[in-house]
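Residue numbers (my numbering): 88 to 455. These notes concern the structure reproduced below.
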């Protein structure tokens with residue numbers, strides 16, 4: 088019996104999530120939801136999806152839907168996710184996990200009470216290069232981990248495109264910022280690789296007070312676009328991390344980690360994807376880092392109907408994450424990253440907020 092999926096979002100959800108779901112055997116996307124009837128019906132027709140919805144709570148309550156893929160603004164998404172869990176739905180939730188710490192706690196508690204499978208759309212751990220790096224770390228390639236540098240800088244709003252569907256990121260009160268959006272992806276990845284963070288110190292600020300288009304249109308920027316922090320993990324490892332969505336010619340994704348026996352570097356020119364994320368590594372005493380070839384077993388999977396070379400690069404790692412979710416629903420595997428990890432990353436986001444406001448190191452055990 089197939090599992091029925093409903094998607095909330097006709098932008099990123101239709102572009103990237105839809106082909107990922109359709110790549111999983113035994114899954115059928117049966118509904119798509121937007122905020123208005125005309126856009127929902129248009130999206131359903133365009134994407135060949137049978138049922139348009141223009142009320143997310145109706146989708147959450149529909150008995151013919153098993154999984155809801157919730158992808159809209161975090162400030163309004165929390166109520167949708169809670170409704171899904173209260174109605175016994177499994178949930179694939181977007182990033183940021185929630186708009187506030189209190190909202191994140193409510194989602195975590197509702198998930199624990201529901202018995203549902205719930206996953207956060209932090210799919211970077213499923214990228215082939217990232218999976219290989221994790222294997223190398225687990226096998227002790229670095230020896231005792233010492234430290235590293237993570238940079239996730241992109242140029243999204245330096246030159247405003249009025250048609251870009253995410254210009255609402257400029258608005259305050261919606262639960263977004265550079266560190267909450269791009270930073271959430273990075274923090275999920277760092278905690279996946281290195282475990283729990285014990286404490287951090289951070290600066291979180293704004294570089295651009297307005298976003299300006301070439302024809303003179305402007306948007307007032309009310310959200311922070313630039314953050315720096317030091318993360319001290321329970322292992323003793325220290326990572327310095329910088330993130331911005333307004334970095335001209337931003338270098339994209341970069342993670343450089345070293346230990347007593349070696350060094351590993353992951354890099355991508357923009358948001359990391361299956362096709363363009365590279366891995367270089369070297370052991371102590373080597374003359375230089377060497378490019379590591381990603382094995383074919385990580386570039387394709389018999390479990391899903393697409394591979395790392397698919398036309399929409401994010402769809403492959405998403406499909407792997409979604410497949411693990413489906414297996415967990417069927418009692419045959421473990422879904423990740425789950426809502427517990429989403430809660431842990433939200434605690435890190437709160438620590439960043441407190442550290443920047445109070446100008447001090449913040450221990451994670453302060454945030455419960």
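Think of the CB as a built atom: it goes at the ideal place given N, C-alpha and C, for glycine as much as any other residue. As the structure is a computational prediction, the values presented were derived from the model and not from experiment.
| request: With a threshold of 16 other CB atoms inside 10 Å of the CB of residue 370, please say whether the residue is buried or exposed. | output: exposed
| task | Pull up the distance between the alpha-carbon of residue 138 and that of residue 429, whole angstroms please. | result | Rounded to whole angstroms, residue 138 to residue 429 spans 30 angstroms at the Cα level.
| residue 408: buried (16+ other C-beta within 10 angstroms of its C-beta) or exposed? | buried
| What did DSSP end up calling residue 342 once you bin it into helix, strand or coil? | In this structure, DSSP gives residue 342 an extended state, which the three-state scheme calls strand.
| task | Report yes if the C-beta distance between residue 346 and residue 230 is below 8 angstroms; otherwise report no. | result | yes
| request: Flag this pair as touching only if the stretch 256–276 and the stretch 303–318 have three or more C-beta atom pairs under 8 angstroms; answer yes or no. | output: yes
| query | Are the stretch 217–234 and the stretch 428–447 in contact at 8 angstroms, needing three or more beta carbon pairs? | reply | no
| query | Which residues in the same chain as residue 183 place their Cβ atom closer than 8 angstroms to its Cβ, once the five residues preceding and following it in sequence are excluded? | reply | Answer for residue 183: 161, 262, 263, 267, 268, 271, 433 and 436, listed in chain order.
| field | Assigned secondary structure, residue 270 (DSSP; H/G/I helix, E/B strand, else coil) | value | helix
| message | Can you tell me where the alpha helix (DSSP H) holding residue 403 begins and where it ends? | response | 402–416
| message | Quick test of your reading: residue 391 and residue 209, contact by CB under 8 angstroms. State the CB separation rounded to the nearest angstrom. | response | Actually they are not in contact, since the Cβ atoms of residue 391 and residue 209 sit about 18 angstroms apart, beyond 8 angstroms.
| query | Does the Cβ-Cβ distance between residue 273 and residue 207 come in under 8 angstroms? | reply | no
| alpha helix (DSSP H) containing residue 125: first to last residue? | 124–134
| DSSP beta-bridge partners of residue 384 | Paired residue(s): none; residue 384 is not in a bridge.
| request: For residue 396, name the three-state secondary structure that DSSP assigns. | output: Three-state DSSP puts residue 396 in coil, outside helix and strand.
| task | Using beta-carbon positions only, say whether residue 156 and residue 176 come within less than 8 angstroms of one another. | result | Going by C-beta atoms, residue 156 is not nearer than 8 angstroms to residue 176.
| said: Strictly by DSSP, which residues pair up with residue 237? | reply: 328 and 342
| task | Just confirm the distance between the C-beta atoms of residue 181 and residue 164, as a whole number of angstroms; I'd bet it's less than 8 angstroms. | result | Their Cβ separation, rounded to whole angstroms, is 7 angstroms, which keeps residue 181 and residue 164 in contact under 8 angstroms.
| task | Just grab the DSSP bridge partners of residue 177 for me. | result | 154
| Which class does residue 232 belong to by DSSP, given the choice of helix, strand or coil? | strand
| task | State whether the stretch 189–202 contacts the stretch 409–429, with contact taken as three or more CB pairs (one from each stretch) at a distance under 8 angstroms. | result | yes
| field | Opening and closing residue of the beta strand (DSSP E) in which residue 284 lies | value | 284–292
| field | Validate contact between the stretch 184–194 and the stretch 113–121 using beta carbons, cut 8 angstroms, 3 pairs | value | no
| task | Could you say which of 220, 239 and 308 lies nearest to residue 351 if we only look at CA atoms? | result | Nearest of 220, 239 and 308 to residue 351, Cα basis: 220.
| request: Can you say whether residue 396 is buried or exposed, counting buried as having 16 or more other CB atoms within 10 angstroms of its CB? | output: exposed
| With respect to the beta strand (DSSP E) encompassing residue 195, which residues constitute its N-terminal and C-terminal limits? | Residue 195 -> not in any beta strand (DSSP E); alpha helix (DSSP H) instead, spanning 188–201.
| request: Figure out for me which residue from 349, 102 and 297 has the closest Cα to the Cα of residue 224. | output: 349
| said: Between the alpha carbons of residue 290 and residue 242, how many angstroms are there, rounded? | reply: 19 angstroms
| task | Check residue 141 in the structure and name its three-state DSSP category. | result | coil
| query | Based on the DSSP output, what are the partners of residue 120 in its beta bridges? | reply | 95 and 140
| Identify the residues that DSSP records as bridge partners of residue 450: which are they? | 286
| message | For residue 179 and residue 376, I'd like the C-alpha separation in whole angstroms. | response | Approximately 38 angstroms, taken between the alpha carbons.
| Apart from the five residues on each side of it in sequence, which residues of its chain come closer than 8 angstroms, Cβ to Cβ, to residue 102? | 399
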